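Notes follow once the structure below has been shown.
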Amino acid sequence: MNVRLDRRLKTVLGMVRVRGRIADVGTDHALLPCRLFQLGAKDIIATDIADGPLERARAAVQLYGAESAVRLVKCDGLDGVPVRDDVIIAGMGGEMTADIIARCKFLHPDLHFILQPMTRDFVLRKRLYELGCEIVREETAVVARKVYTVMLCRYTGVKQETDLRFRFLGKNSDREYLEKQITTLYKMGKSREDCKALAEQLTADIQ
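Its first residue numbered 28, the sequence shown is counted upward by one per residue in the numbering used here.
Put into structure tokens, the structure is as follows:
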């Protein structure tokens, strides 16, 4: 019985290197780790900060027979997690996601982050580059009319500044995502002239 994932989690899954050492932060039901196990992953740590999600995760791991590959850990973010190759952080706010990465103790040149922020993705992009990460690519996932971006990032150690346009669009050029960001920019433009100007520019670009 294969684990069923929605479009958002399928998009995340497609960016993970199955043969590596994987961490899924804030795993909740552990559906991603269980599906990764079914695809051949053998070293997965699934973390959560609360007992309830870990109990749900444990039930899923048992249901799909993934005990040999998935280890459940109660912790805050990546605190206490050993060196990983791929770190998944999906379903959290952009600021919280960035804070978890900032506290990561095992940054190395082959480290990938697969990120799916629920809010404030423009803050996440800014902080990623300040922390020495680079976005490799982004893909849009639409679930029940909600539009998400999924980012594949790698750690480079090179800290960079970003401009406003990149913070809002990153490397995502899909029209659905662009329209969502334009709406956000217009709302922010009520108090920020730079956001209003960018919203107008992007609107003109797609017409």
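For every residue, glycine included, the Cβ atom is placed at its ideal position computed from N, Cα and C. These figures come from a predicted structure and were not determined experimentally.
Q.
If I follow the unbroken alpha helix (DSSP H) through Gln228, where does it start and stop?
A. 220-233
Q) For Ile71 versus Ile49, is the C-beta spacing smaller than 7 Å? A) The Cβ atoms of Ile71 and Ile49 sit closer than 7 Å to each other.
Q. For Ala87, is the beta carbon positioned less than 6 Å from some heavy atom of the ligand PLP?
A. Only the bare structure without any ligand can be found here, which leaves the ligand PLP out of the picture.
**Q.** Thr38 vs Glu166 beta-carbon contact at 7 Å
**A.** yes
Q. What does a CB cutoff of less than 6 Å around Gly197 pick up in its chain, not counting 5 residues either side in sequence?
A. Arg152, Ile162, Glu165
(Q) Can you check which of these residues, Leu225, Pro136, Ala125, is closest to Leu212 by C-alpha distance? (A) Leu225
Q) Looking at C-alpha atoms only, which residue of Pro60, Gly79, Met123 is the closest neighbour of Glu94? A) Glu94 has its Cα closest to that of Pro60, out of Pro60, Gly79, Met123.
Q) How far does the alpha helix (DSSP H) with Gly121 in it reach, from first residue to last? A) 121-129
Q: Kindly confirm or deny that the stretch 77-88 and the stretch 104-114 touch, where touching means at least three C-beta pairs closer than 8 Å.
A: Cβ pair count under 8 Å is below three, so no.
Q: From the DSSP output, in three-state form, read off Gly159 for me.
A: coil
Q | Residues that Ala57 bridges to, as DSSP identifies them | A | None, per the DSSP bridge assignment.
**Q.** Complete runs of the alpha helix (DSSP H) confined to the stretch 36-83 [at least 4 residues]
**A.** Look at the stretch 36-83 and you find these whole runs of alpha helix (DSSP H), each 4 residues long or longer: 58-65.
Q) Does the distance from the C-beta atom of Ile116 to that of Leu142 stay below 7 Å? A) yes
Q | Helix, strand or coil at Arg192 [DSSP, three-state] | A | helix
(Q) With the cut-off set at 7 Å, would you say Gly53 and Met119 are in Cβ contact? (A) A contact, by the Cβ cut-off of 7 Å.
(Q) Rounding to the nearest angstrom, what Cα-Cα distance links Val185 and Phe193 in this structure? (A) 17 Å
Q: Alpha carbon to alpha carbon, how far is Arg98 from His56? Give it in angstroms, no decimals.
A: Between the alpha carbons of His56 and Arg98 lies a gap of roughly 13 Å.
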